[in-house]
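Asks:
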Amino acid sequence: MSGSAVLPAAEVRAVPSAFDVAVLALARDLRLAFRKREQLIQPLAFFAIVTTLFPLAITPRLAQLREVAPGVLWVGALLASLLALEFLFRDDAQDGTLEQYALSGRSLTWLLFAKTAAHWLLTGVPLALVAPLAAGALGAPAASLPSIIAPVAVGTLALSLLGAIGAALTLGVKRSGVLLSLITLPLAVPILIFGARATELAIAGESFVAPLELLGAFAVLGLTLAPLAAAAAVRISLE
Amino acid sequence: MTAFFRMGGYAQYLWPAYGITFAVVILNIVWARRTLARARREARRRLAVRDEPVLHGEEV
Amino acid sequence: MTWTWFHRLGSPPHIYRLATRLTPWFAWPAALIIVAALYGGLVLAPPDYQQGDGFRMVYVHAPCAWMSLMVYTTLAVASAVGLIWRMKVAYAVAASCAPIGASFTAAALMTGMLFGRPMWGTYWAWDPQLTFELVLLFIYLGYMGLRSSFDDPQRADRASSMLAVVGFIDVPIIHFSTTWWNSLHQAPSVLRFGKPTIALPMLIPLLMMLLGFTLYFVAILLVRLRGEILRRERSASWLREAIVS
């Protein structure tokens, strides 16, 4: 806010732009998450447990596990990310924050975008950072591990955006967890396909630019449309 | 005629496929008619409920 | 340019009467065309040089697959119209579509499996077309699940319409991704038809089937639509009139 020097401070504070509000909301969500750490840790723990179940269910032999590693990683990441999505807007809807905001006449889009970004930063990015460890445990060669971060980061971003729509649509529904998965997962099929392919190529040490670009295109489509759709969905559930 | 029903050895796959499809076709007709009939019954009941208080009013 | 036709399109009594009057005009031609196409497909069309008489399954599999997509398109367009113009009748159309589409998607899956058995030697292969139909079935189920989880019918209408529109943007991407995924792994695929080389006596019954099923869909939709309109109409004296007639 470089222009604030000209205006009286009180006036500036009275009418923050939608973007400023979004930044504040993002900062608040991140601060809350670091204060209440279970929100940060639970998806990671879930992801770790799911990836541990697969070797126990299939085989301890690394050569065989290496073949299924991309699938295991992506199914685990998808489910872990969805787990946290159910509560994305729930608290703010229950204590009336969303309603107040919608009534204030400002666009909900930026606020929801900020909350979605917070969800990605708090679950997607940590998952992307942990995914190489899981891939290594599943037999991926050490040299390929750093390149696994990018596909998972982009894919979880796309999933957070897609899931934000689902979370907004199921706001008015009791016990929405299963329903949220039922409506989000079929739509997330392209993320899974492109992401798993990129990871497969990364583990094999080949170029994974093509699937990563497809994944990126999906994420860009989500960036442009998902906050708008989520805002419309929140208005529907508030009415 | 039997040659027609044998369908060059594909009978055991072909006829079930036709059977399933036309079962779904007929089921959809039945379902649609049943939902319409149910909606009509409900509408009739709603109208009856709405008319009742007026009748009571006239009695008193 | 007058917009009265558009306003009348949004008026439930008008649509109800129109639907009653139009239903036989779609139902009977549909029945005739489908019966003619059955004769053309099962009797007149020559056996395929590769698949023999087995290819005749295409005359039921393709219409089912066609219905699964066309009904979803109708559902999504009606949903968008409902959301944009707040048209009650459009929501009623969308609500009527879902069960029809879901049942034909399931039929497309089952006929696809029966088609696949003699071709692949197994009922289920992860063929891109079959996989896509399976995902489409999940999308229908999600739509119906979301719709039924609201008590308030208006909210159910608007929330499920939103999902239908989002799904409609995603469906072509899903189709592309499953095709792309399959091409990487080189799984078998015989369910690719519609090639321009297909012989005319084989093609004509197929096109007639698609037309017949489309007309059939409109007829079913009109009947269901009348039920939905009756259920949604709260007051209105025409309700009495509609039920008596």
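Each protein sequence line maps, in turn, to chains A, B and C. Using the numbering used here, the first residue of the first sequence is number 1, and each one after it goes up by one. Using the numbering used here, the first residue of the second sequence is number 240, and each one after it goes up by one. Using the numbering used here, the first residue of the third sequence is number 300, and each one after it goes up by one. Ideal Cβ placement from N, Cα and C applies to all residues, glycine included. Since the structure is predicted, the reported quantities are computational estimates derived from the model, not experimental observations.
With a cut-off of 7 Å, does the C-beta of B/THR241 fall near any C-beta of chain C?
Replies: Output row for B/THR241: interface = no.
Asks: Give the C-beta separation of A/LEU215 and A/GLY155 to the nearest angstrom, bearing in mind that I take them to be a contact with Cβ-Cβ under 8 Å.
Replies: The Cβ separation is near 6 Å, so the contact holds.
Asks: Using a Cβ-Cβ cutoff of less than 8 Å, which residues in the same chain neighbour A/ILE58 once the five nearest sequence positions on both sides are dropped?
Replies: Result list for A/ILE58: GLN64, LEU65, VAL68, in chain order.
Asks: Which bits of chain C does A/SER144 rub up against, with CB to CB less than 9 Å?
Replies: Here the premise fails: no neighbours, minimum Cβ distance about 19 Å.
Asks: In terms of DSSP beta bridges, what is C/ASP347 paired with?
Replies: DSSP output for C/ASP347 lists C/GLY351 as bridge partner(s).
Asks: Figure out for me which residue from A/VAL152, A/VAL189, A/PHE194 has the closest Cα to the Cα of A/TRP120.
Replies: When each option's Cα is compared against that of A/TRP120, the closest is A/VAL152.
Asks: With burial defined as no fewer than 16 other Cβ atoms inside 10 Å of the residue's Cβ, what is the status of A/ASP95: buried or exposed?
Replies: Burial call: exposed.
Asks: Mind listing which residues of the stretch 392-406 of chain C have their C-beta closer than 9 Å to chain B's C-betas, in chain order?
Replies: Cβ contacts with chain B: SER395, PRO398, ILE399, SER402, PHE403, ALA405, ALA406.
Asks: Measure from the alpha carbon of C/ALA518 to the alpha carbon of each residue in C/VAL357, C/ALA318, C/TYR442, C/ARG454, then state which is nearest.
Replies: The shortest Cα separation from C/ALA518 among C/VAL357, C/ALA318, C/TYR442, C/ARG454 belongs to C/ALA318.
Asks: Would you verify that the beta carbon of C/ILE314 is, or is not, closer than 7 Å to some beta carbon of chain A?
Replies: It does not: the Cβ of C/ILE314 has no partner Cβ on chain A nearer than 7 Å.
Asks: If we define contact as Cβ-Cβ less than 7 Å, is A/VAL220 a contact residue for chain C?
Replies: So no, A/VAL220 is outside the interface.
Asks: Return no unless some Cβ of chain B is closer than 7 Å to the Cβ of C/ARG446.
Replies: So, not an interface residue.
Asks: Under 8 Å between beta-carbons, which chain A residues line up against C/ILE383? List them in chain order, please.
Replies: In chain order: nothing, as chain A lies at least about 11 Å away.
Asks: Taking the alpha-carbon of A/ALA224 as reference, which of A/ALA198, A/LEU161, A/GLY166, A/SER181 has the nearest alpha-carbon?
Replies: It is Thr, not Ala, that sits at residue 224 of chain A in the sequence shown. Of A/ALA198, A/LEU161, A/GLY166, A/SER181, the residue nearest in Cα terms is A/LEU161.
Asks: How is the alpha helix (DSSP H) around A/ALA57 delimited, first residue to last?
Replies: Counting along the chain, the alpha helix (DSSP H) containing A/ALA57 begins and ends at 38-57.
Asks: Alpha carbon to alpha carbon, how far is B/PHE261 from A/SER207?
Replies: So the alpha carbons of these two residues sit roughly 49 Å apart.
Asks: Could you tell me whether any Cβ in chain B is nearer than 7 Å to the Cβ of C/GLY258?
Replies: Past the edges of chain C, shown from 300 to 544, lies residue 258 of chain C, and the structure says nothing about it.
Asks: By Cβ distance, which residues of its chain are closer than 8 Å to A/ALA80, with the 5 residues on each side in sequence left out?
Replies: Hits under 8 Å: PRO43, LEU44, PHE46, PHE47, VAL50, THR123, LEU127.
Asks: Alpha carbons only, please: which of A/LEU180, A/LEU159, A/VAL125, A/THR170 is nearest the one belonging to A/ILE148?
Replies: Nearest option by C-alpha distance: A/VAL125.
Asks: In chain order, which alpha helix (DSSP H) runs of at least 4 residues are fully inside the stretch 310-398 of chain C?
Replies: As far as the stretch 310-398 of chain C is concerned, its whole alpha helix (DSSP H) runs of at least 4 residues are 311-338, 357-384.
Asks: Count the other C-beta atoms from every protein chain shown that fall within 10 angstroms of the C-beta of A/ALA143, then say buried if there are 16 or more, exposed otherwise.
Replies: Classification of A/ALA143: exposed, given that the 10 Å Cβ count is below 16.
Asks: What residue range is occupied by the uninterrupted alpha helix (DSSP H) comprising C/TYR442?
Replies: Its alpha helix (DSSP H) spans residues 427-447.
Asks: Quick one: using the 10 Å Cβ neighbour count with 16 as the cut-off for buried, is C/GLN428 buried or exposed?
Replies: Under this definition C/GLN428 is a buried residue.
Asks: So which residues on chain C does B/ALA271 lean against when the C-beta distance must stay under 7 Å?
Replies: Result: ILE519, VAL522, ARG523.
Asks: Starting from A/TYR101, follow the alpha helix (DSSP H) in both directions and report where the run begins and ends.
Replies: Run containing A/TYR101: 97-103, per the alpha helix (DSSP H) assignment.
Asks: Can you tell me where the alpha helix (DSSP H) holding C/TYR515 begins and where it ends?
Replies: Its alpha helix (DSSP H) spans residues 499-531.
Asks: Look at the alpha carbon of C/TYR390 and the alpha carbon of C/PHE354, and state the distance between them as a whole number of angstroms.
Replies: Computed Cα separation, rounded: 39 Å.
Asks: Could you please give the first and the last residue of the uninterrupted alpha helix (DSSP H) stretch that includes A/ALA142?
Replies: Unbroken run through A/ALA142: none, as it is neither H nor E.
Asks: How would you call C/TRP324, buried or exposed, if buried means at least 16 neighbouring beta carbons within 10 angstroms?
Replies: Exposed, because fewer than 16 other Cβ atoms sit within 10 Å of the Cβ of C/TRP324.
Asks: Check each candidate in C/GLY400, C/GLY441, C/PRO311, C/ILE438 and name the one with the smallest Cα separation from C/LYS387.
Replies: Cα-wise, what sits closest to C/LYS387 is C/PRO311.
Asks: Given that C/PHE414 touches chain B, what residues does it touch there, using C-beta distances under 8 Å?
Replies: By Cβ distance, chain B contributes TYR252, ALA256.
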